[in-house]
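Comments concern the structure below.
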Amino acid sequence: MVLAQLGGRISGAIRQMSNATVIDKKVLNDCLNEITHALLQADVQFSIVSDLHTNIKRIVDFDALAAGHDKRKIISKAIFNELCRILNPGKKPPFTPKRGKTSVVMFVGLQGSGKTTTCAKYAHFHRSKGWKPALVCADTFRAGAFDQLKQNAVKAKIPFCGSYTESDPVTIAAQGVERFKKENSDLIIVDTSGRHRQEAALFEEMRQLAEATKPDLVVFVMDGSIGQAAFDQAEAFKQSIDVGAVIVTKLDGHAKGGGALSAVAATKSPVLFIGTGEHVHEFQVFDAEPFVKRLLG
Ligand code: GDP
4 MVLAQLGGRI SGAIRQMSNA TVIDKKVLND CLNEITHALL QADVQFSIVS DLHTNIKRIV
64 DFDALAAGHD KRKIISKAIF NELCRILNPG KKPPFTPKRG KTSVVMFVGL QGSGKTTTCA
124 KYAHFHRSKG WKPALVCADT FRAGAFDQLK QNAVKAKIPF CGSYTESDPV TIAAQGVERF
184 KKENSDLIIV DTSGRHRQEA ALFEEMRQLA EATKPDLVVF VMDGSIGQAA FDQAEAFKQS
244 IDVGAVIVTK LDGHAKGGGA LSAVAATKSP VLFIGTGEHV HEFQVFDAEP FVKRLLG
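The sequence shown begins at 4 in this note's numbering and counts up one residue at a time.
See the structure below:
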């Protein structure tokens, strides 16, 4: 089920509840059952769905609600708020780069998650707001990674560095950060290797890169279309490195609904942006409320 279909089913359930002549416990239960089924069928983790169900039942307590309360409104609001809560784990706000001061932001994530594309989008986004970003390619594992970053950087006219000959990513990253600090870049973006499995060597390399570049922020890039696997992935990364924020990619029209919701919930870190396509401008600041509003149509 894609994201739009999931939204359609949830809003359909809310509409059916609203159209009932009398709002009683049965109407609420029918509505919640339809929503929980839709979420589960869309691959949202059971624990998330179960929490949502329990919380709404607690908020919409028929025995405690005085007569005259607009139950339709209270139920709709509770559902909306719960969906926002899932997408907004409410942890401390992430580090925000400051203008006029150099910040280093390191991107981590598995190969194929969309890291390199996202580095370019992040650089482009900030450049359009007047920043002086620069890109460092510290992915020496994937053949073609440097060419890809270079191509994106040239197209967006963003300074970049990497190497075809140096095989040590730590050396490249350290030199790149040093160079762009001297050139007064205010946002140095380090793209790292993702390989294809969560192997110990990858995490060790990330630790060394972090030691060498002292990032102000580590951004975990996660593929929003992979469903439940997102949980394990987010956890493995968070255990190995101090992830400060997340960017979820591939939340386009084809994204699996529940996988995307679970992915966002799984990170337990603030989601900064979402990627909604392959192009550099297909990138949005993430905000739970408008996201849910759009989801419900
Ligand atoms: P990396 O291995 O993590 O650096 O991943 P890449 O940046 O090479 O991206 C892997 C693939 O995902 C490429 O084909 C990208 O064009 C594609 N991609 C990245 N972000 C998005 C997105 O938000 N939406 C879609 N549809 N594709 C994306």
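Idealized CB from N, CA, C, for every residue including glycine.
Element boundaries [beta strand (DSSP E), containing residue i]
{"i": "Thr195", "result": "190 to 195"}
{"i": "Leu138", "result": "136 to 141"}
{"i": "Gln154", "result": "Element bounds for Gln154: not the beta strand (DSSP E) but the alpha helix (DSSP H), 148 to 159."}
{"i": "Val108", "result": "106 to 111"}
{"i": "Gly165", "result": "Run containing Gly165: none; DSSP gives neither H nor E here."}
{"i": "Ile250", "result": "248 to 252"}
{"i": "Ile277", "result": "274 to 278"}
Nearest candidate by alpha-carbon position, reference residue i, set the options
{"i": "Ala291", "options": "Thr39, Ile13, Phe83, Lys60", "result": "Phe83"}
{"i": "Phe128", "options": "Phe286, Gly261, Cys164, Ser50", "result": "Phe286"}
{"i": "Val110", "options": "Ala23, Ala146, Ala248", "result": "Looking at the sequence itself, residue 110 is Phe, so the reference to Val does not match. Residue Ala248 is the option with its Cα nearest to Phe110."}
{"i": "Ala176", "options": "Asp255, Asp189, Asp194", "result": "Asp194"}
{"i": "Arg297", "options": "His72, Ser188, Leu254", "result": "Leu254"}
{"i": "Cys34", "options": "Phe98, Met20, Leu42", "result": "Met20"}
First and last residue of the uninterrupted alpha helix (DSSP H) at residue i
{"i": "Gln211", "result": "203 to 216"}
{"i": "Thr174", "result": "172 to 185"}
Residue i: CB within 8 Å of a non-hydrogen atom of the ligand GDP
{"i": "Gly165", "result": "no"}
{"i": "Val224", "result": "yes"}
{"i": "Gln145", "result": "A quick correction: the sequence has Arg, not Gln, at residue 145. Correct: Arg145 has its Cβ closer than 8 Å to the ligand GDP."}
{"i": "Asp171", "result": "no"}
{"i": "Lys118", "result": "yes"}
{"i": "Gly197", "result": "yes"}
{"i": "Lys158", "result": "no"}
{"i": "Leu138", "result": "no"}
{"i": "Leu42", "result": "no"}
{"i": "Gln178", "result": "no"}
{"i": "Ala141", "result": "no"}
{"i": "Asp255", "result": "yes"}
{"i": "Gly280", "result": "yes"}
{"i": "Asp194", "result": "yes"}
{"i": "Leu113", "result": "yes"}
Residue i versus residue j: straight-line alpha-carbon distance, rounded
{"i": "Thr216", "j": "Asp171", "result": "14 Å"}
{"i": "Gly10", "j": "Ala204", "result": "40 Å"}
{"i": "Gln154", "j": "Ala148", "result": "10 Å"}
{"i": "Ala23", "j": "Val30", "result": "7 Å"}
{"i": "Thr279", "j": "Ser265", "result": "17 Å"}
{"i": "Leu152", "j": "Glu208", "result": "20 Å"}
{"i": "Ala70", "j": "Ile26", "result": "12 Å"}
{"i": "Phe294", "j": "Ile89", "result": "12 Å"}
{"i": "Glu202", "j": "Gly261", "result": "27 Å"}
Beta bridge counterpart(s) of residue i as assigned by DSSP
{"i": "Leu86", "result": "Its beta-bridge partners do not exist; DSSP assigns none."}
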